[in-house]
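Have a look at the structure below, then the notes.
2 protein chains.
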Amino acid sequence: MTKTRRATERTGVKNMGGEAGAIARLRGALPSLLPAERKVAIYVLENQETTLASSVGEVAMGAQISEATVIRFCRTAGFLGFADLKIGLARELVNPLASTLHEDVSPKDDPSTLARKVFGANIDTLNDTLNSLDPFAVDKAGEMIAHAGKTLIIGVGTSAPIAFDAYTKLMRLGIPVSLQTDAHLMMMEAALLTKNDLILVISHSGATKDPVEAVQVGRKSGGVKVVSITNNSMSPLAAVSDVTLITASRETKFRSEALASRIAQACIADLLYVTIGLKTSKRALASSRKIEDVITAKQF
Amino acid sequence: MTKTRRATERTGVKNMGGEAGAIARLRGALPSLLPAERKVAIYVLENQETTLASSVGEVAMGAQISEATVIRFCRTAGFLGFADLKIGLARELVNPLASTLHEDVSPKDDPSTLARKVFGANIDTLNDTLNSLDPFAVDKAGEMIAHAGKTLIIGVGTSAPIAFDAYTKLMRLGIPVSLQTDAHLMMMEAALLTKNDLILVISHSGATKDPVEAVQVGRKSGGVKVVSITNNSMSPLAAVSDVTLITASRETKFRSEALASRIAQACIADLLYVTIGLKTSKRALASSRKIEDVITAKQF
DNA sequence: TGTTTATGAAGAAAAACTACATCCTTCAAG
DNA sequence: CTTGAAGGATGTAGTTTTTCTTCATAAACA
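These protein sequences, in sequence, are chains D and F.
Per my numbering, the very first residue in the first sequence carries number 1; after that it's consecutive.
Per my numbering, the very first residue in the second sequence carries number 301; after that it's consecutive.
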């Protein structure tokens, strides 16, 4: 017990099997370690791959100290034991195969490579979008939707599924929302909106005629607010929007740009959903509880 | 030696400590394993986190077989032993501690933090799904869809937008595909399918009555093939599917699990799209060129 | 010189692994 | 169809290896 207390005092590590990454924990513990223990830490940090394949005895030999010290070190650094340290280390060591290769796909790719490329491309798209996205624009959009009398979501073609997706999300929150993916109907509904209302437009290019025209109708007749999700900040759509949320995407041969950006559009919709949910949490929680009850009845 | 030879012959695994990812190796070995060994493989695949903290005895108990079988399995699957398997597994498992931001969102989060959390959660979901996804199942599904007489895509509720999304993608490839998100219509259309046809089902829980019933109708009346995208490998849906593609998702307070998995479902649809595109590249290229021409006419 | 603390040696405990016995399954001969 | 031999699959029990603990010794400091 005395020893345990000492170790804890020295390193300040509280919960074993702790919260920080293994390597960070090793480094962080370094200054407060006893000389013999520090030897272990240094050896492990310098021989990470080797350590994974070694036993306590081998590490002890490598670090020129006793086995007991290796074990003591593991505990001091906040691991449950030597095995735990190895597991923690392994989790951080990037699997060499996992590294993203985001060149284009090829018919020669085996299924596994293909999966990594496609998922990798989508992950890159999300990262790129996150980096270029203006969080305050999202916040403002959320605020506007949360306080709008009614929100009309529109999108045609490949953007229609995303509009649909956004609709199911906002609907869940219990806010007044409607969806139109038909060019004629969206224009009709837009014409009926007032200045308390809002149109949320999804359009990759931002240049598709139908949704832009619907927006213009809404603006002219009722003075509605407009939030758009698009890949093009210079587009006609952006020009008629109060808030524009921009996606970032790279085109590849088999996945046209429009396709790649959809995942980013969906993710922005997701972010809007969470943002609005937090702003209206009482209503949102009540709504999602009601929804869950109903859904359960629909299952086996 | 005899035993080692047998194992090698059965699995075709050559280099121990091998080159493929651990999870891929486990899955790849599955079909050629003995019944008792397969139990271990299934247990490990379904309890990856638990396995990392378990001893041979605990895994044996969990999989309801002997310790010896666990060890034998490790060798058959191409690992040096149980410890090696654990290390391999740890290397692939996304370190839950590494994505510190993954905790739940809070009303106190500023817009920027919120954006990072939501995008981060979605990126994690994609990573998790990629790690647990069986690429060969995707390949097989792609093959089946590419050669099917006709593919009916179904999904209700929150899965409907994803079904819609999958529809627009496959449609682009020029393959015969239809979409039904209405419970009655999907059942009617399913009843008309023949054994050359295929149903692609999207259902997060895999337990929603309507799509499963539609699949049963299709199976009974026409003997159609079934591919499903779901989060639950043990679901009623999986039980009636020829190929099941599994998403991985973690639930958080404001983003129910069903919502989190949608991005993974969309990404799998994306992967199917690319897979099929490569298999039918001539037709696919011709189709997308035609589509691009038409779309341009719809823009400013 | 006494006390505290760091370290290692040796042995206890636990885990991983092996050898073998038993129990199936299969298949061929009666 | 039955029987039994052969071979393979699996579990039991024992062996080896590895991890961890205890305690004695050595070093540091007062």
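Beta carbons: idealized from backbone N, C-alpha and C, even for Gly.
Buried or exposed by the 16-neighbour rule on C-beta atoms within 10 Å, applied to residue i
i, result
"Thr50(D)", "exposed"
"Met188(D)", "exposed"
"Pro435(F)", "buried"
"Thr194(D)", "exposed"
"Gly277(D)", "buried"
"Gly57(D)", "exposed"
"Gly518(F)", "buried"
"Lys469(F)", "buried"
"Ala564(F)", "buried"
"Ser459(F)", "buried"
"Phe355(D)", "In the structure as shown, chain D starts at 1 and stops at 300, and residue 355(D) therefore has no counterpart that could be examined."
"Ser203(D)", "buried"
"Lys225(D)", "buried"
"Pro107(D)", "exposed"
"Ala166(D)", "buried"
"Gly252(F)", "The structure shown does not extend to residue 252(F), since chain F is modelled only from 301 to 600, so the question has no answer here."
"Ile131(D)", "A small correction: the amino acid at residue 131(D) is Asn; Ile does not occupy that position in the sequence shown. Asn131(D) is exposed by the Cβ-count criterion."
"Gly523(F)", "exposed"
"Gly149(D)", "exposed"
"Phe164(D)", "buried"
"Phe600(F)", "exposed"
"Lys553(F)", "Caution is warranted here: a pLDDT of 48 is assigned to Lys553(F), below 50, making its placement in the model unreliable, and the coordinate value is therefore given only provisionally. By the neighbour-count rule (16 or more Cβ atoms within 10 Å), Lys553(F) is not buried but exposed."
"Ala68(D)", "exposed"
Chain-order list of residues whose beta-carbon lies under 6 Å from that of residue i (same chain, five-residue window excluded)
i, result
"Gly362(F)", "Tyr343"
"Ile546(F)", "Ser533"
"Pro396(F)", "Note that Pro396(F) has pLDDT 45, beneath the 50 cutoff, so the model's placement of it is unreliable and no number is given."
"Ser221(D)", "Ala191"
"Thr280(D)", "Ala146"
"Thr129(D)", "Thr247, Ala248, Ala264"
"Val512(F)", "Pro536, Leu537"
"Thr530(F)", "Ser503, Gly506, Leu537"
"Cys619(F)", "Look at the range of chain F in this structure, 301 to 600, and you will see that residue 619(F) is not part of it."
"Ala322(F)", "Gly388, Leu389, Glu392"
Beta-carbon contacts of residue i that lie in its chain and below 8 Å, excluding the five residues immediately before and after
i, result
"Val207(D)", "The amino acid occupying residue 207(D) in the given sequence is Ala; Val does not appear at that position. Hits under 8 Å: Asn232, Ser235, Pro236, Leu237."
"Leu414(F)", "Val405"
"Ile71(D)", "Val56, Gly81, Phe82"
"Asp409(F)", "Lys417"
"Asn422(F)", "Ala560, Ile563"
Sequence-distant residues of its chain with Cβ nearer than 7 Å to residue i (five each side left out)
i, result
"Ile365(F)", "Ala336, Lys339, Val340"
"Thr304(F)", "Unreliable placement is indicated for Thr304(F), whose pLDDT of 34 sits below 50; no coordinate value is reported for it."
"Ala183(D)", "Val156, Asp210"
"Leu26(D)", "Ala41, Val44, Leu45, Ala77"
"Ala140(D)", "Here residue 140(D) is Lys; the residue named in the question, Ala, does not match the sequence. Closer than 7 Å at Cβ, skipping near neighbours: Val243."
Presumed contact (8 Å Cβ cut-off) between residue i and residue j, rounded CB distance
i, j, result
"Leu152(D)", "Asp197(D)", "7 Å"
"Pro111(D)", "Val438(F)", "6 Å"
"Phe419(F)", "Leu80(D)", "Not quite, the Cβ-Cβ distance comes to about 33 Å (not below 8 Å), so this is no contact."
"Val227(D)", "Asp242(D)", "7 Å"
"Ile499(F)", "Ala569(F)", "Ile499(F) to Ala569(F), Cβ: 15 Å. No contact."
"Met186(D)", "Ala214(D)", "4 Å"
"Leu85(D)", "Ile387(F)", "The Cβ separation is near 12 Å, so there is no contact."
"Val477(F)", "Gln516(F)", "Rounded, the Cβ-Cβ distance is 21 Å, inconsistent with contact."
beta-carbon residue i near the ligand HEM non-hydrogen atom, thresh 8 Å
i, result
"His447(F)", "For the ligand HEM, the structure offers nothing, since it holds no ligand at all."
* To do: Please go through the stretch 378-460 of chain F and give each complete alpha helix (DSSP H) segment of 4 or more residues, from N-terminal end onward.
  => 382-392, 411-432, 435-447
* Continuous beta strand (DSSP E) assignments of at least 3 residues falling wholly in the stretch 172-199 of chain D -> 177-180
* Closer than 9 Å, Cβ to Cβ, to anything on chain D: give me those residues from the stretch 411-429 of chain F, in chain order. => Pro411, Ser412, Thr413, Leu414, Ala415, Arg416, Lys417, Val418, Phe419, Gly420, Ala421, Asn422, Ile423, Leu426, Asn427, Thr429
* To do: At 4 residues or longer, and completely inside the stretch 23-71 of chain D: list those alpha helix (DSSP H) runs for me, N to C.
  => 35-46, 48-52, 56-63
* **Positions along the stretch 256-277 of chain D whose CB lies within less than 8 Å of some CB in chain F** => Going along the stretch 256-277 of chain D in chain order, one finds Ser256, Leu259, Arg262, Ile263, Ala266, Cys267, Asp270, Leu271, Tyr273, Val274, Thr275, Gly277 with a Cβ nearer than 8 Å to chain F.
* Asked: Can you list, in chain order, the residues of the stretch 436-468 of chain F whose Cβ is nearer than 9 Å to any Cβ on chain D?
  -> Against chain D - using a Cβ distance shorter than 9 Å - the residues of the stretch 436-468 of chain F are Phe436, Ala437, Val438, Asp439, Lys440, Gly442, Val456, Gly457, Thr458, Ala460, Pro461, Ile462, Ala463, Phe464, Asp465, Ala466, Tyr467, Thr468.
* Asked: Hey, which unbroken runs of the alpha helix (DSSP H) at 4 residues or more fall wholly within the stretch 206-273 of chain D?
  -> 209-222, 236-239
* With 9 Å as the C-beta to C-beta threshold (strictly closer), list the residues of the stretch 359-387 of chain F near chain D in chain order. => Look at the stretch 359-387 of chain F: the residues with a C-beta under 9 Å from a C-beta of chain D are Leu380, Ala383, Asp384, Lys386, Ile387.
* Quick one, which residues of the stretch 196-222 of chain D are near chain F if we go by CB-CB under 9 Å, in chain order? -> For the stretch 196-222 of chain D, which is checked against every Cβ of chain F, the residues closer than 9 Å are Ser205, Ala207, Thr208, Lys209, Asp210, Val212.
* Cβ-based contacts, 9 Å cut-off: residues of the stretch 324-342 of chain F near chain D -> Ala324
* Note down, in chain order, all residues in the stretch 231-251 of chain D with a beta-carbon under 8 Å from any beta-carbon belonging to chain F. => Pro236
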